[in-house]
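To start, the structure under review is shown below, and the notes come after it.
In the UniProt record's numbering, the protein residues as written are 1 to 615.
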């Protein structure tokens, strides 16, 4: 589960901004009159006021849309003239490279193929940085929930031997990555960021393991999975705040949150520890940390990536997906984990370079950017400025055209999404013992929702999906993209560290601002991608809130993202757009102050034959 809409300011007043009042009176969530008051003040009953608009629609409980076979796409996929992997670029430390260059999966691959480094060298360089079980803990260990050193070194050594024997498995063999603590991986406990053990009991009949299908695909591709990453407890907010295991703070500015709920993923990628990580997204939880940490993130079409053999804990809205330091690595990871489970109706994916190749002839709508002007204007002025500036670059340098579009029922849609996600969560978690105060109140709101309101939310979902389908079919064209900021706010400051990081946080207003745009892709099942759009000056600094000019040196500058949503199963179009945005947006990314040069660290340990990591 991942991300939930905010609940205005009244629940914040009930729990205290950092949850301390709720901590002192843990039974408050059981007081019916308080739950109902908060529920009504949050607007959860407001769908009844407009029900006549959509009550004749059948409810849509799960927004899975499977594409029909496309003969032209199959021919392109089967073509032999496209490489199966990307070539490396110059190293990030090269003086020719701008400050935003990270190591890509292709960079690691080239180092392994040349023999300059091995996957074991890289694993031994990273492990001391991320382990919690050493004294002192690794300096980035707060982003990791658990690391099985034996698993990591075994995978790295097996990959090293494959390279030595010239039997590499492909573009991700030996590449370091990590997974959110929502994925099942045999040998690891799953807590969903809580004190409780939610490890899945279902196993794959073929392997006898509970390992998630996406993780299995990574292992089959030869990835070195560096353990499980931190997350916001049960994915029920968008800060990444976690009083249970500790909160990873934004690598660009330690006075800000990473965003969540895939907070450890955003941190690990932005800090340079891995070129990509696997997160989940039920309400922006891939895209929000991608935006706030200045990286790229893909929320796939609903149902495209399998959660089997265990259940999707929010199957009405949530999906799995990658966050990455660059778009080509993002596409490579997606092409691997997106291979369909045997029970899936989705078609196989081609190699990443094929995904990024424009079809010929080009679709007339492939360069159309639809901008919902009124909705767009709800973002802060600096966020709007940065996003419009990147859009203009795409128009001027890549031939895109911008058209206005109107989308209905946006406020009601965000409320409906919140109703559905909270109801799912409260159904899965009837026992809230051990959960943080902020989440107990959210789950209490979910238990307060009536069946009538849940049905209205799903009816509204059907109406929105039908509207979007007609919009792409009759007006925009199937390859057009809908563009908005990723978040309406520029980052999320940690305003009271001593209290927030100890007790948790419930700030409905900022949650709403962070989720202003992201909810639609989850609620309607659309694929979406977030790309960096620049930076703003942080709170407390001179000129706070203004956009940072290209090349301007501003300490603690806060990243901002631009989001594109596509028609169902148009991930390839989104990835091509993201490549264009990355190329015209050179200078809109920067490595944070705590960025780790893993390759240089690995070179430092390479000479120690048989070196053991300190246990």
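The beta carbon of each residue, even a glycine, is placed where N, CA and C say it ideally should be.
- Within 10 angstroms of the beta-carbon of residue 33 lie fewer than 16 other beta-carbons, which makes it exposed.
- Closest in C-alpha terms to residue 434, from the list 243, 68, 251, 144, comes 243.
- In this structure, residue 252 lies away from residue 493, with their beta-carbon atoms at least 9 Å apart.
- Judged by beta-carbon spacing, residue 352 lies beyond the 9 Å limit of residue 324, meaning their Cβ atoms are not closer than that value.
- Taking the Cα positions, residue 37 is about 40 Å away from residue 533.
- Taken through DSSP and simplified to helix, strand or coil, residue 519 comes out as helix.
- Assigned with DSSP and collapsed to three states, residue 108 falls in helix.
- Restricting attention to 261, 228, 42, 66, the CA atom closest to the CA of residue 347 is found in 66.
- Under the DSSP assignment, residue 381 falls in the alpha helix (DSSP H) whose first and last residues are 381 to 398.
- Under a 10 Å Cβ-count criterion, residue 30 is classified as exposed, with fewer than 16 other Cβ atoms of the shown protein chains found around its own Cβ.
- Excluding sequence positions up to five before and after residue 543, its CB lies within less than 7 Å of the CB of 537, all in the same chain and listed in chain order.
- Rounded to the nearest whole angstrom, the C-alpha separation of residue 285 and residue 518 is 9 Å.
- Look at residue 316 here: in three-state DSSP terms it is coil, with no helix or strand label.
- The stretch 203 to 241 is shown to contain whole beta strand (DSSP E) runs of 3 or more residues at 224 to 229, in chain order.
- Between residue 295 and residue 225 a beta carbon distance of about 19 Å is seen, past the 8 Å cut, so the two are scored as non-contacting.
- Minimum Cα-Cα distance from residue 248 among the listed residues 172, 144, 105, 52 corresponds to 144.
- Between the alpha carbons of residue 395 and residue 469 lies a gap of roughly 25 Å.
- Taking the CA atoms as reference points, residue 43 sits about 20 Å from residue 427.
- By the Cβ criterion, the stretch 260 to 275 is not in contact with the stretch 563 to 576, since fewer than three pairs of Cβ atoms, one from each stretch, lie closer than 8 Å.
- Where residue 482 is concerned, the enclosing beta strand (DSSP E) starts and stops at 481 to 485.
- According to DSSP, residue pairing for residue 535 in a beta bridge involves 559.
- Under the three-state reduction of DSSP, residue 492 is assigned to coil, being neither helix nor strand.
- By the criterion of at least three beta-carbon pairs nearer than 8 Å, the stretch 205 to 217 is not in contact with the stretch 400 to 416.
- With a contact defined as Cβ atoms closer than 8 Å, residue 319 and residue 300 qualify at about 6 Å.
- For residue 180, no alpha helix (DSSP H) segment is defined; the enclosing uninterrupted segment is the beta strand (DSSP E) at 176 to 180.
- Going by beta carbons, residue 567 and residue 480 fall inside the 9 Å limit.
- A Cβ-Cβ contact shorter than 9 Å links residue 233 with residue 193.
- Just measuring C-alpha positions, the residue of 484, 477, 441, 393 sitting nearest residue 506 is 441.
- CA-to-CA, the gap between residue 231 and residue 563 works out to about 22 Å.
- Assignment of residue 144 by DSSP, reduced to helix, strand and coil, places it in the strand class.
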